[in-house]
Amino acid sequence: MTADEVLDLVGRTLAEAEATAATDATDDTDSTAGAPLAALATVAAKAGEPGIVAAAARLGVPLLAYDATALAERPVPHPSEAARRATGAGGVAEAAALLAAGPGAVLVVPKRKSARATCAVARGVGTV
Numbered sequence: 015m016t017a018d019e020v021l022d023l024v025g026r027t028l029a030e031a032e033a034t035a036a037t038d039a040t041d042d043t044d045s046t047a048g049a050p051l052a053a054l055a056t057v058a059a060k061a062g063e064p065g066i067v068a069a070a071a072r073l074g075v076p077l078l079a080y081d082a083t084a085l086a087e088r089p090v091p092h093p094s095e096a097a098r099r100a101t102g103a104g105g106v107a108e109a110a111a112l113l114a115a116g117p118g119a120v121l122v123v124p125k126r127k128s129a130r131a132t133c134a135v136a137r138g139v140g141t142v
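Under my numbering, the very last position in the sequence shown is 142; numbers go up by exactly one each time.
See the structure below:
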């Protein structure tokens with residue numbers, strides 16, 4: 015996958031997160047509108063892929079890598095048999111986003127896919 019593909023998917027997923035936050039008037043503390051992107055996160059086996067590395071660099075954020083065991087231990091709402099076969103974890107994007115956002119994190123946008131990449135957005139507790 016290329017950096018442009020990753021950046022396009024990240025941009026679309028973040029736009030969805032902002033749109034969701036803007037239309038959710040039930041709890042102002044859950045807003046992600048305008049919140050900066052803190053990191054890209056993935057499974058350790060993919061952390062060296064040039065497209066992911068370049069995307070993180072162009073976004074100016076760290077690239078966090080989690081081993082498949084840590085990802086497998088994190089429950090996700092949309093597990094994937096393909097991810098399980100490839101990594102041993104039931105999901106990468108959602109689990110990595112939740113782990114990167116820290117304890118008590120909530121999924122803001124579930125996994126979204128492009129041809130060769132998957133992205134999810136999570137928010138940590140107490141972050142905006």
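The C-beta atom is built at its ideal place from N, Cα and C for all residues, glycine as well.
What residues are listed by DSSP as bridge partners for L121? Walking along the sequence shown from the start, residue 121 turns up at place 107. L121 pairs with A136.
Taking the alpha helix (DSSP H) that V67 falls in, what are its first and last residues? In the sequence shown, counting from the first residue as 1, residue 67 sits at position 53. Its alpha helix (DSSP H) spans residues P64 to L73.
Taking G105 and S94 to be in contact with their CB atoms under 8 Å, please state how far apart those CB atoms are, rounded to whole angstroms. Position 91 of the sequence shown, counting from 1, holds the residue named residue 105. Position 80 of the sequence shown, counting from 1, holds the residue named residue 94. Your pair G105 and S94 checks out as a contact, with CB atoms roughly 6 Å apart and the cut at 8 Å.
On the premise that A55 lies in contact with A110, defined as a C-beta separation below 8 Å, what is that separation, rounded to the nearest angstrom? Within the sequence shown, numbered from 1, the residue matching residue 110 stands at position 96. Within the sequence shown, numbered from 1, the residue matching residue 55 stands at position 41. Contact flag correct, Cβ pair sits at about 4 Å.
Would you kindly work out how many angstroms separate the C-alpha atoms of G64 and G116, rounded to a whole number? Within the sequence shown, numbered from 1, the residue matching residue 64 stands at position 50. Within the sequence shown, numbered from 1, the residue matching residue 116 stands at position 102. A small fix is needed here, since residue 64 is Pro in this sequence, not Gly. So the alpha carbons of these two residues sit roughly 26 Å apart.
Measure the CB-CB distance between R126 and E19 and report whether it falls below 9 Å. Against the sequence shown, residue 126 aligns to sequence position 112. Against the sequence shown, residue 19 aligns to sequence position 5. Taking 9 Å as the Cβ cut-off, R126 and E19 do not qualify as a contacting pair.
Looking only at its own chain, which residues have a Cβ that is under 7 Å from the Cβ of D81, when we skip the five neighbours before and after it? As a first step, residue 81 is located in the sequence shown; it is residue number 67 there, counting from the start. Same-chain partners within the cutoff: A58.
Helix, strand or coil for R126? Go by DSSP, reduced to three states. Residue mapping note: residue 126 aligns to position 112 of the sequence shown, counting from 1. R126: strand per DSSP, three-state reduction.
Given T34 as reference, the closest of C133, L121 and T132 once Cα atoms are compared: Taking the sequence shown and counting its residues from 1, the one referred to as residue 34 is at position 20. Nearest of C133, L121 and T132 to T34, Cα basis: L121.
Which residues mark the beginning and the end of the alpha helix (DSSP H) in which L113 is found? Looking up residue 113 in the sequence shown gives position 99. Per DSSP, L113 belongs to the alpha helix (DSSP H) from A107 to A115.
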